[in-house]
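Take a look at the structure below.
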């Protein structure tokens, strides 16, 4: 849908930005317009010149605001004859982009992210124990056993171990049969995969073996449909990880 800029007599939901706020205020107003339903998925926003007029700022300031929104998946910029600035349709990877932006610009730390995982993943394991299919349980057991094999081998790259570890947690989320949990899990792992801190602090054989042992026990609890035990074991597993990021 084409956006009506409605410049005469003011705009119904956009206003000139406050002095000193610049692109942050513009981004906030656009996000608020989307949340309140004034702008919907696929709507085309005014061009940079028109937005500059609406907000009372220069085009570079508008451009910076649009880039910040594009970085977290709120809008998308299309090129070509039918291009422009559009409200983006929600996608799972947008959660990851927003989380990465939080870590980068708001001062959130990896240790805080791991701390969040303790409650979130423990609850996810609880639901997985109640809802996992036979095939999902078999997959969890297979991944956990493979992880133990890798833990004992000095020939396997550290990155391979990490991928198997994260694959297990993602399978637990899938087994919870809750798409919100899946999206959040993928977002968390998207950040962890890119975190060099993770690779620097935890690459030792004893830690690998402990990780693999934890996941085998979690898989067993899920297979036995013991939800509270799965929750407890996952919580303890993440608790051991927290100390690695302190």
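In UniProt numbering, the protein residues as written are 1 to 246.
All C-beta atoms, glycine included, are put in the ideal place defined by N, C-alpha and C.
Q. Counting along the chain, where does the alpha helix (DSSP H) carrying residue 63 start and finish?
A. DSSP places residue 63 inside the alpha helix (DSSP H), whose first and last residues are 59-71.
Q. Taking the Cβ atom as the reference point for each residue, do residue 85 and residue 45 lie within a distance shorter than 8 Å?
A. yes
Q: Can you give me the start and stop residues for the beta strand (DSSP E) that residue 77 sits inside?
A: 75-78
Q | Whole-angstrom distance between residue 148 and residue 124, CA atom to CA atom | A | Between residue 124 and residue 148, the C-alpha separation is close to 22 Å.
(Q) Using C-beta distances below 6 Å, list every residue in its chain close to residue 32, excluding the 5 sequence neighbours before and after it, in chain order. (A) none
Q) If we count the other Cβ atoms within 10 Å of its Cβ and call it buried at 16 or more, is residue 214 buried or exposed? A) buried
Q: Would you identify the three-state DSSP class for residue 44, choosing helix, strand or coil?
A: strand
**Q.** CA nearest to the CA of residue 188, picked from 177, 204 and 170
**A.** 170
Q. How do the segment 161-169 and the segment 224-233 stand: do at least 3 beta-carbon pairs fall below 8 Å, yes or no?
A. no
Q: In angstroms with no decimal places, state the Cα-to-Cα distance between residue 134 and residue 239.
A: 28 Å
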